[in-house]
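Residue numbers (the numbering used here): 389 to 639. Don't be surprised by glycine CBs; every beta carbon is placed ideally from N, CA and C.
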């Protein structure tokens, strides 16, 4: 989604709290929702300033930052399914014996070993992160890579796109500008992803759409709107109810 760059470029502290401040606004790193400093937000008879309302939004819409992060694709977190399950249970405050029973793990010592492995992963991640930060000051030839949207499915080489490649593709397929019509949709899969990343900007976050409304929006870009709608669901940009009665942007 459009918040990908802010999400990946945020500091560790900003990522932990789930939002950052941009000028006179607080921006949710998890979905892009914004609150404006100086505005009071009423909810259930209580009034909140911009930052407190942003915190409430994260809890109400995403449960917690941890829940959001643990739900990311394994290629983004680097976690195995088993490690993901363990971290969820650790976060829930489960004891080793409860985890042992729930996951049918042989012994408590096995869980302690998993804790050790995760701690090692944390140490390695800190070292790697520090090296990559230091590398930014030296590697002046590294191309800027377009961030993978959070709800992407089957993350692979299709998402290996430089910003320069994306800019050229958008200029090619949207000759009248990205708010205008699309010339075609028969293109490389990675270019389809680039195009869909741009098309989601025509939708509003936290809004429910009917299928007709989705079609009307996509029709402004391409006459065969049904194929684009299908691709946007397949690639995790849009979601819908099984009966197709409601559509929304995936967060």
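Taking the alpha-carbon positions, what's the residue 462 to residue 474 distance? The straight-line gap separating the alpha-carbon atoms of residue 462 and residue 474 is approximately 14 Å.
TODO: My understanding is that residue 603 touches residue 613, with C-beta atoms under 8 Å, so please give their C-beta distance in whole angstroms.
DONE: Indeed, because the Cβ distance is near 5 Å, the residues count as touching under 8 Å.
- prompt: Counting pairs of beta carbons, one from the stretch 620–637 and one from the stretch 593–600, are three or more of them closer than 8 Å?
  reply: Because the criterion of three Cβ pairs below 8 Å is met, the stretch 620–637 and the stretch 593–600 touch.
Check: Could you check where the beta strand (DSSP E) with residue 627 kicks off and where it finishes?
Finding: Per DSSP, residue 627 belongs to the beta strand (DSSP E) from 626–628.
Residues sharing a beta bridge with residue 435, DSSP:
DSSP lists 430 as partners of residue 435.
| task | Output yes or no for whether 8 Å exceeds the beta carbon distance between residue 450 and residue 441. | result | Between residue 450 and residue 441, the CB-CB gap reaches or exceeds 8 Å.
For the 8 Å Cβ check, are there 3 or more pairs between the stretch 612–626 and the stretch 586–593? In short, these stretches touch, since the Cβ pair count reaches three.
### Task
Could you check which residue in 472, 518, 524 and 417 has the C-alpha nearest to that of residue 502?
If we check each option's Cα against that of residue 502, 472 comes out closest.
query: Which residues share a DSSP beta bridge with residue 416?
result: Paired residue(s): 407.
Could you pull the DSSP bridge partners for residue 424 from this structure? According to DSSP, residue 424 bridges with 413.
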